[in-house]
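Novice:
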Amino acid sequence: MGKRTRQAESVTERVPQLAAPYVQAVAEALERHGEQPGALLPVLHAIQDALGFVPEGAVAPIAEALNLTRADVHGVVSFYHEFRRTPPARHSLRLCRAEACQAMGARALERHACERLGIHDDTHRSADGTIDFEPVYCLGNCALAPAGLVDGELRGRLTPKALDTVIDAMRADCRNIA
Numbered sequence: 001m002g003k004r005t006r007q008a009e010s011v012t013e014r015v016p017q018l019a020a021p022y023v024q025a026v027a028e029a030l031e032r033h034g035e036q037p038g039a040l041l042p043v044l045h046a047i048q049d050a051l052g053f054v055p056e057g058a059v060a061p062i063a064e065a066l067n068l069t070r071a072d073v074h075g076v077v078s079f080y081h082e083f084r085r086t087p088p089a090r091h092s093l094r095l096c097r098a099e100a101c102q103a104m105g106a107r108a109l110e111r112h113a114c115e116r117l118g119i120h121d122d123t124h125r126s127a128d129g130t131i132d133f134e135p136v137y138c139l140g141n142c143a144l145a146p147a148g149l150v151d152g153e154l155r156g157r158l159t160p161k162a163l164d165t166v167i168d169a170m171r172a173d174c175r176n177i178a
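Per full-length UniProt numbering, the very first residue in the sequence shown carries number 1; after that it's consecutive.
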């Protein structure tokens, strides 16, 4: 039995609080990347790719398998902005806050988005829980400011009206699934 097999078995034995798909994603990530030098980031990316986030319960088995402390793993997950610690909403909306976008009205657009989504605190999730909203810095689309990412698709020259159309479409999609 190789080291990789022991890592996968260790995950399934030691993480009963994780749902089965989570255990499987962690085990597969460790199996695929666990023996690489500097394996932590590839393991975390693989888990995030599979689940959409890195479950808190995965920190201990990852740390054990990679011979790291839980603080090491947690520190990396919390340091890098791209790692999510909670399951994502069905849709995501990111609006740029960088200088070019600010000059073209991004702050007002951000306030408009928060109002439309019912976000009044730091949750960054719409009141109905279906849309994650995140202000970000520089999407590299400065020539078409203000810019945003709508479910990962880059959009430029966003206006409140265009944003309303996007939000309405996201909400309609969620109603069609329910």
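Idealized CB from N, CA, C, for every residue including glycine.
Quick check on His45: does DSSP put it in helix, strand or coil?
Specialist: DSSP places His45 in helix when its eight states are reduced to three.
Novice: What ranges does the alpha helix (DSSP H) occupy inside the region 22-75, keeping only unbroken runs of at least 4 residues that lie completely in it?
Specialist: DSSP runs (the alpha helix (DSSP H)) wholly in the region 22-75: 40-51, 59-66.
Novice: In terms of DSSP beta bridges, what is Gly156 paired with?
Specialist: The partner list for Gly156 (beta bridge, DSSP) is empty, contrary to what the question assumes.
Novice: Enumerate, from N- to C-terminal direction, the unbroken alpha helix (DSSP H) stretches of 4 or more residues contained entirely within the region 87-169.
Specialist: The region 87-169 contains these whole alpha helix (DSSP H) runs: 99-103, 106-117.
Novice: Can you tell me whether Asp132 is buried or exposed, with buried defined as 16 or more other CB within 10 angstroms of its CB?
Specialist: Buried is the call here.
Novice: Please return the same chain residues whose Cβ sits closer than 8 Å to the Cβ of Pro87, not counting the five positions on each side in sequence.
Specialist: Counting only Cβ-Cβ distances below 8 Å, and skipping sequence neighbours, we find Leu51, Gly52, Phe53.
Novice: On a CA-only basis, which of Cys96, Glu115, Gly105 is nearest Val136? Give me that one, please.
Specialist: Nearest of Cys96, Glu115, Gly105 to Val136, Cα basis: Cys96.
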